[in-house]
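Colleague: Line by line, the protein sequences give chains U and B. The first sequence begins at 87 in my numbering and counts up one residue at a time. The second sequence begins at 581 in my numbering and counts up one residue at a time. We treat Cβ as the ideally placed atom computed from N, Cα and C, and that holds for glycine. Note that the structure is a prediction, hence the values are computed from the model and not measured. First, the structure itself, so that you have it in front of you.
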Amino acid sequence: MKNIMDEAQYRIAAYNTRRHFLKKCMSGLGATALGALTGCDLWLDTTGKSVSVTANAARTMTSHFPGKAKNVIFLHMAGAPSQLELFDYKPALNKLDGQDCPASLLEGKKFAFIQGVPQMLGTQATFKQHGQSGAYVSDYLPHFSKMVDEVTFLKAVHTDEFNHAPAQLLMHSGSPRLGRPSMGSWISYGLGSENQNLPGFVVLVSGSEPSAGKSVWGSGFLPTVYQGVQCRSQGDPVLYLSNPEDVDPVLRKRSIEIINTINEQEYKETLDPEILTRISQYELAFRMQTSVPEVMNINDEPEWIHQMYGTNPGKNSFANNCLLARRLVEHGVRFVQLFDRRWDTHGAGPNNGVDGALKDACQEVDKSMSALLLDLKQRGLLDETLVVWGGEFGRTPMMEARSGADFKGRDHHGDAFTMWMAGGGIKKGFTYGETDEIGFSGISGRVHVHDLQATILHTLGLNHERLTYEFQGRNFRLTDVAGKVVKDILA
Amino acid sequence: MKLRSLFIGLAIALLAVSVYLVLEKNASQKVSYNQHIRPIINTKCITCHGGVKKSAELSFLFREEALDTAESGVPAIIPGDAKNSEMYKRIINHDPEFRMPLEAAPLSEKEIDLIGRWIDQGAEWEDHWAYVPPSRDITLPEITGDHKANNGIDHFIFSKLADNGLAPAPRAEKEVLLRRLYLDLTGLPPTPDQARAFLADDSADAYEKLVDQLLASPYFGERWAAMWLDLARYADTKGYEKDLDRNIWKYRDWVIQAFNQDKPFDEFTIEQLAGDLLPDPTKDQLIATAFHRNTMANDEGGTDNEEFRVAAVVERVGTTFEVWQGTTMACVQCHSHPYDPIRHEEFYKFMAFFNSTEDRDIYNEQPKLFTYEDGTDEKVQATLDWITSHLNEKDADIKPKGKFLHEQKEDLLYRLGYRKVEAEEYQASSKLIELLAPNQDAVWQVQDSSWIRFEGVDLTEVEAISFRCATAISGGFIDVRLDSLNGRKIGGTEITNTGDWDQWKVFKTSLQPVTGTHTVYYQFRKNKDLTQHLFHLDWIYYHEKHPLKEKYNARFNQKLEELAAVQSVFTPIMQDLPDSKRRVTHVFERGNWMTPGQEVTADVPATLGEIPDGSPVNRMGMARWLASKANPLTARVAVNRFWEQLFGYGIIETMEEFGSQGEPPSHAQLLDWLAVQFMEQYHWSIKALLKQIVMSATYQQSSAATLEKIEKDPRNRLLSRGPRVRLTAEQVRDQILAVSGLINLEMYGPSVKPPRPDASSNGWGSWNAATGKDQYRRSLYVFTKRTSPFPMLTTFDGTSRNVCTSRRIRTNTPLQALTMLNDSTFFTAAKALAIQMAAVHPTDVATCLREGYERVLFRTPDVEKLKALQLLYEEALGHYSKEYHKEKLAHTVAVTQDDTIRIKAFTLVANALLNIDDFVTKN
């Protein structure tokens, strides 16, 4: 087996003519000097273009410039939490509570549910300043309020979409329509995985799946090896990972060896290099059968860690997923995407408002997301791990009052909302951007979703304008034709 | 000495003369725009001076633009006068401030020379080759050597091989051809009987007979439909947030039948794009138009239907161009094409063809065609006949009118005064009306004061209206309003608690007398106690004062009930709005539908020809333009797709892009020759085209490589050997089901949900896996849920069918290995295969294994492979016996389990057999 793999490497190197290499790697860049930096390593270049694309094959970590972050954990609060109850403190809005919304605000605006002239809704939470930075955080997030000196708040993020599925797609793929690769796919395409035995892009879901479904971690027009692999805390951690009932690991190992022996024979007959790839993928599959359950098994964590996160082993929970996220980045997984769907607080009923329901939702995440930051920090991982938190949009300063009911709920709002980032190359204890006195629009430091994406790529050492893929005769990128790195928040 | 200098002098003179001659020859040689100039402009100039940016008001996309006066006040190019052309002056300038390309390396001397001469020669533009129709008289290249060509294809392939110092591979073994041909033409491996029959047939035309037999197989259509459905982005759900089920499988069946009937590709095209505009269209021709009803629809609460209607129409433009023209239009939505001569407004001119269809992203997917399936059509027909034959003499004119059965039924019931209308079939609604998932056959209300609207309701004879509702709360009301939402309230009723959300009850309101035909609004409101969900509304019934049916006896009325109760199946189709309601199409500034610009009328891009004479300027004319032999791209793009399915790569690898940015063809002449053959010789017959390809010696080559071939032709783009590529996702799954004998080859009908490891039974996304034989249907019948595609198929590069996909990029990943090893269906297949293997011989393991291998691959394994399998069998047997004996000690009653152990061991071997590279690969 060793010989045959050596031979493969040798052959691959031999075919890797300069012309071929340039063609594959330069197409998106237009500048020769950058070729080696696009993730076009030897393996992908030859087998990728020649026969098929493989993932997890030894890939060198390559970036456009040295990045501060090596990994990203994106905590997506699907459904969109209200910034006005959590971070964006607006005393002026409280004074306007119950008054009709001024017509000037509504002019030319479209809302998902609000009809007619809505009334302003003051915050339902109590705010206090925290930490040395003095950031405002409400009493909905008691644990997180102790972490404010670790994070940068983006107070004036904005998006183009006000329905969940398109907004989630825009957040993760740069386009509100289906068909584009997601951020994690772009990043694993650009940087590969650090761990050969684990996927480079892992998705963890709590609550229920996000509105836009699996498309938000799809690979779009990139080869499917770059799509997010959903790992689950119940059942098989990765689909098809477990052997059938009658096959134990010893037999599985033997049967893979026999499969590969036959494949070697076949290779000798046909000389098709694709067979060598298949042999290595079967070996990798076998290694994954051990490595994935190992990393997904949180039972071996000490009790104090469980206490810290508030985990519940064997259940599907955001807390478990936070702990898993730490374990995954520890093992070199490049991009960990968490979705937690429970945040759509319209006030469409008694248990759906920014008072009760939102508070409950916060309780589900507060302790564990704070623990994640602390835990990463105490392990020295926070410096190289970028943590991003937020929804697909924010919520209106007006009460939605669906069906005229007076439950305290807010409609979707894309003009201004709060997200936070921490770790990997981001300033600590910093706030960027500001909204007007009622939190309706950003008045300074506005950050579009594409800017956020450009910034995330930047922390990883990737230039968002150069991380491109040629499809349908043109170069596509995550940030479409826009996006500016928010330099002010970089440490 | 003297002699020597003389000699040198002479030599110099000679050299000077020859240099002069060479230069002179160069200068007079015609510079080709496509060959020499376009590559320079496309790589060095067009980013700033093209369809996107027009720096200094200069673009090189069209000749007239380049010759026009630029910002500087002078034209960039003066044909015939390079010296005075600004373009030339700027590329030779030494000052980096002025020199073009700006902030980049200067052009090479050779490039400058080419541009200079090209301008001097008149600066003629040439169309990109793909925009020029293929030549009708291409002569077959000569082939040398003793390689026998079977047909024209081989001439092109072999001569290019010879140019590259390569020879074709020998013909593959019969066993290999057998499997290759079966998988390629039907997507299924042969059955043991079929294999034996072919291998035993020694006649000279055995191969051709098999080709003909497979082209005539019903499974042929299924295999090729799988390819087309990726292009049609066919799915069983609507996409986006709710991703509710969509009933459109009859379109899938239409595609299968079209391939099986060998519907000529031009008709195939016209029916899908404009079948509804054919004279007196048949049911099938209407169902074909569902092609463009496969666009996604957004049922998420609070979405703007117009926004997503526009999104769908825009998508149809892009898909039409990708499928038939291999041309990317997505960029032209926002600005002119950056590289190819297609202007921004041409996108919207083309969009105008699609912009006046009736569909508008509404929940109920109107317009739809209603049909009866599974023999219910006969029942409807019989009941209709019974009723008409029992009509009184003076009612004899109530013979049902309408073209199709459903219309006749509706018409007859209506005229007899049986006027029941499904609530979900409204023509319009407020934003917050939803249909009850998953069947979407009842209306419910998310918000107070929501409404639904029915148009053209004749109320003259109506005295009351009934509503069938279900609710677990009281306090909801239905108001009936005339002509507008604020119109006269002509009736209304309270809907009280019926017991539960699925307990139905009928509520009735009397109606104020109204004459004539009206628009009727049903407004749903609530009293103070209710929050949001009011009630479910199933249907509405209009009671006439003196319905004709009352004149008939109970038996007759019973028949009416029966007729009304027969379930129909609907399929969304295309239909144009009446002329009076046609939408005006505007250019969208920067592609944004909220900022309409100049008004445009329908047309096709000028570069790609024009609507054929005598065709109307509508979708039909557009379809005829695509299906015309004059269209430069349609045949080339189609031929390339079929070629790719057989060889693994298209002649143009970028199947989605034939424009100047696409990859150049590997065999340009072959592509054109095949395209012309397809149109002129085969009259668009797909089966004839496929037969031509599989009859070629090129296709029948052995796929074994040599070191030389790997070196000179590493990706087999020159076809120095037969194709060797991994099977498609569908083929992989179907093949496992077939060789194990599990497969259920039933054709057509609603999609099925085989088991999947992430199936969940709750929520709208539930997947209640089939347990019976439906789970073993062919893969193209697997339910395609857009937001959660079937994991086995996507792992093998299947698409989620959100958008049109021309090309699946093959991957080779550990997840594929895990799926093949562990998927429960695949392991069941291994067991099924093991049982057959074990039955071959009671003791001779080698024979059992050999037959197992032959069953799977149709070849006899060589000694070493057989030895490896035997080793695995022995070890597994040892392992399972030990386990069994352990168990036996625990159980006092021992049953002989030798057979079970044997089968377990064979199962592990079968599982391995179904995983070897040869099995998942077409050899």
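(1) Starting from the Cα of B:Thr1040, find the closest Cα among B:His1126, B:Glu1005 and B:His1113 and give me that residue.
(2) Quick one: grab the DSSP three-state call for B:Arg999.
(3) Could you say which of U:Gln316, U:Glu387, U:His150 and U:Thr238 lies nearest to U:Gly509 if we only look at CA atoms?
(4) Looking at U:Pro296: is its Cβ nearer than 7 Å to the Cβ of U:Arg427?
(5) Once the 5 residues before and after B:Arg1336 are set aside, which same chain residues still bring their CB inside 8 Å of it?
(6) Would you say U:Asp332 faces chain B, with C-beta separation under 7 Å as the test?
(7) State the DSSP-derived secondary structure class of B:Leu1039, mapped to helix, strand or coil.
(8) Short check: CB of B:Leu790 to CB of B:Phe778, under 7 Å?
(9) Just to confirm my understanding: we take B:Leu1062, look at its own chain, exclude 5 residues before and 5 after, and list those with CB closer than 6 Å. What are they?
(10) Just to make sure I have the definition right: I need the residues of chain B whose C-beta is within less than 8 Å of the C-beta of U:Lys300. Which are they?
(11) Along the chain, where does the beta strand (DSSP E) containing U:Trp475 start, and where does it finish?
(12) From the DSSP output, in three-state form, read off U:Ser190 for me.
(13) Would you call the CB atoms of B:Arg1048 and B:Trp1119 closer than 7 Å?
(14) Which one or two residues does DSSP pair with B:Arg1033 in a beta bridge?
(15) Using beta carbons (cut-off 7 Å, strictly below), is U:Ala586 in contact with chain B?
(16) Quick one: is U:Phe562 near chain B, going by C-beta distance under 7 Å?
(17) For U:Leu414 and chain B, any beta-carbon pair shorter than 7 Å?
(18) I'd like to know if U:Arg364 contacts chain B, where contact means its C-beta is closer than 7 Å to some C-beta of that chain.
(19) Taking the alpha carbon of U:Gln449 as the point to measure from, which residue in U:Ser224, U:Gly202, U:Gln201 and U:Phe197 has its own alpha carbon closest?
(20) So if I threshold CB-CB distances at 7 Å, which residues from the region 682-693 of chain B count as touching chain U?
(21) Nearest CA to the CA of B:Gly1096: which residue from B:Glu1463, B:Val1037 and B:Gly997?
(22) Pull the bridge partners of U:Ala508 from the DSSP assignment, please.
(23) Say whether chain B places a C-beta atom closer than 7 Å to the C-beta of U:Trp272.
(24) Report buried or exposed for U:Trp390, applying the criterion of at least 16 other Cβ atoms within 10 angstroms of its Cβ.
(25) Nearest CA to the CA of U:Phe372: which residue from U:Tyr353, U:Val324 and U:Phe421?
(26) How would you write the range of the beta strand (DSSP E) that B:Lys830 sits in, first residue to last?
(27) If I'm right that B:Thr1073 touches B:Lys1088 with Cβ under 8 Å, what's the distance once you round it to whole angstroms?
(28) Pull up the CB-CB distance for U:Arg412 and U:Leu458, whole angstroms please, since I reckon it's below 8 Å.
(29) What does the alpha-carbon distance come out to for the pair B:Thr1364 and U:Pro177?
(30) Measure the alpha-carbon distance for B:Phe848 versus B:Glu1014 and round it to whole angstroms.
(31) With C-beta atoms as the reference, is B:Glu902 less than 7 Å away from B:Glu1243?
(32) Grab me the residues of B:Arg1297's own chain with a C-beta within less than 7 Å of its C-beta, minus the 5 sequence neighbours each way, in chain order.
(33) Answer yes or no: do B:Ile699 and B:Ser652 have a C-beta to C-beta separation smaller than 7 Å?
(34) Leaving aside the five residues before and after B:Lys979 along the sequence, list all residues of the same chain whose C-beta is less than 7 Å from its C-beta, in chain order.
(35) For B:Ile1290, would you say it is in contact with chain U, using Cβ-to-Cβ distances shorter than 7 Å as the test?
(36) To the nearest angstrom, report how far apart U:Gln558 and B:Thr907 are at their CA atoms.
Modeller: The structure says:
(1) Answer by Cα proximity: B:His1126.
(2) Strand at B:Arg999.
(3) Out of U:Gln316, U:Glu387, U:His150 and U:Thr238, U:Thr238 has the C-alpha closest to the C-alpha of U:Gly509.
(4) Contact: yes.
(5) Within the same chain, B:Arg1336 has close Cβ partners Trp1347, Ala1349, Phe1370, Pro1371 and Met1372.
(6) Judged by the 7 Å Cβ criterion, U:Asp332 is in contact with chain B.
(7) Coil at B:Leu1039, not helix or strand.
(8) Yes, they are a contact pair.
(9) If you ignore the 5 residues before and after B:Leu1062, its C-beta comes within less than 6 Å of the C-beta of Arg1068, Ile1070 and His1098, all in its own chain and listed in chain order.
(10) Simply Thr1367, Ser1368, Pro1369 and Ser1380.
(11) Element bounds for U:Trp475: Thr471 to Gly476.
(12) Here DSSP, grouped into helix, strand and coil, assigns U:Ser190 to helix.
(13) Taking the C-beta atoms as reference points, B:Trp1119 is found nearer than 7 Å to B:Arg1048.
(14) In DSSP, B:Arg1033 forms a bridge with B:Ala1008 and B:Tyr1101.
(15) There is simply no residue 586 of chain U to check, as chain U begins at 87 and stops at 577 in what is shown.
(16) U:Phe562 does not count as touching chain B.
(17) U:Leu414 does not count as touching chain B.
(18) It does: the Cβ of U:Arg364 has a partner Cβ on chain B nearer than 7 Å.
(19) Here the closest residue by C-alpha is U:Ser224.
(20) Answer set for the region 682-693 of chain B: empty.
(21) It is B:Val1037 whose Cα lies nearest to the Cα of B:Gly1096.
(22) BP columns for U:Ala508 point to U:Val237 and U:Val473.
(23) Cβ-Cβ to chain B under 7 Å: no for U:Trp272.
(24) Using a 10 angstroms sphere on the CB of U:Trp390, the tally of other CB atoms stays under 16, which defines it as exposed.
(25) When each option's Cα is compared against that of U:Phe372, the closest is U:Val324.
(26) In the DSSP assignment, B:Lys830 falls outside any beta strand (DSSP E) and lies within the alpha helix (DSSP H) extending over Trp829 to Asn840.
(27) Between B:Thr1073 and B:Lys1088, the beta carbon gap of about 7 Å places them in contact (Cβ cut-off 8 Å).
(28) Taking a contact as a CB-CB distance under 8 Å, the pair U:Arg412 and U:Leu458 counts as one, their CB atoms being some 6 Å apart.
(29) Taking the CA atoms as reference points, B:Thr1364 sits about 50 Å from U:Pro177.
(30) Answer to the nearest angstrom: the Cα atoms are 36 Å apart.
(31) Result no, Cβ atoms of B:Glu902 and B:Glu1243 do not sit closer than 7 Å.
(32) Excluding sequence neighbours, B:Arg1297 sits near Tyr1229 and Ser1246.
(33) At the C-beta level, B:Ile699 and B:Ser652 stay beyond 7 Å of one another.
(34) Same-chain partners within the cutoff: Thr968.
(35) Output row for B:Ile1290: interface = yes.
(36) Rounded to the nearest angstrom, the two C-alpha atoms are 8 Å apart.
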